[in-house]
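Quick note: the sequence shown uses our numbering, first residue 83, plus one each step.
Everything below concerns the one structure shown next.
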Amino acid sequence: MEDCIFCKIIKGEIPAEKVYEDEEIIAFEDIHPAAPIHVLIIPKKHIATLMNIENEDTVLMGKIIQTTKKIAKQLGIEENGFRLIANCGPDSGQEVMHIHFHLLAGRKMGPKIVS
Ligand code: 5GP
Ligand code: ZN
């Protein structure tokens, strides 16, 4: 997608601090970190929101969760833990229309937002 910031990062047209990359997935530091560790994990395939996931994307979505585990180990946060968040649509405040999972770590998180 031509106007997508994250597609531009994938293509190397916009610089980013990459922490992980393979054929299908890339992870990089959020430009405005909300925690000492704030990484965005995204599929290289442009999918706008969680609501645009198709059946054919099921394996890819599973790989993103597996990659989260890999990155947590790589960053040494597997013991203390982390929070993984995906915003979807206007009420969530999603700003970038390319699916991304926020991996937040390095401090105690606030009160649980899911109950
Ligand atoms: P959303 O609100 O869509 O869930 O999160 C989008 C995230 O992307 C925000 O946390 C924002 O700081 C981050 N972001 C937006 N533009 C860029 C960019 O050009 N580079 C990087 N590394 N992060 C970005
Ligand atoms: Zn995109």
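Glycine included, C-beta positions come from ideal geometry on N, C-alpha and C.
What's the gap between the Cα of residue i and the Cα of residue j?
| i | j | result |
| --- | --- | --- |
| Glu252 | Lys151 | Nothing about residue 252 can be read from this structure; the chain reaches only from 83 to 197. |
| Lys93 | Ile123 | 15 Å |
| Met179 | Asp112 | 15 Å |
| Gln148 | Ala98 | 22 Å |
| Arg165 | Glu84 | 30 Å |
| Leu132 | Ala187 | 23 Å |
| Gly171 | Ile135 | 13 Å |
DSSP on residue i, reduced to helix/strand/coil?
| i | result |
| --- | --- |
| Glu105 | coil |
| Val121 | strand |
| Phe164 | coil |
| Ala154 | helix |
| Lys145 | helix |
Our contact map puts residue i next to residue j with C-beta atoms below 8 Å; I'd like the distance itself, whole angstroms only.
| i | j | result |
| --- | --- | --- |
| Ile119 | Leu157 | 6 Å |
| Pro125 | Ile181 | 6 Å |
Is the beta carbon of residue j closer than 8 Å to that of residue i?
| i | j | result |
| --- | --- | --- |
| Val101 | Phe110 | yes |
| Glu177 | Leu142 | no |
| Ile146 | Val121 | no |
Item to check | By C-beta, the residues closer than 6 Å to any heavy atom of the ligand ZN, given in chain order | outcome: Met83, Cys86, Phe88, Cys89, His128, His180
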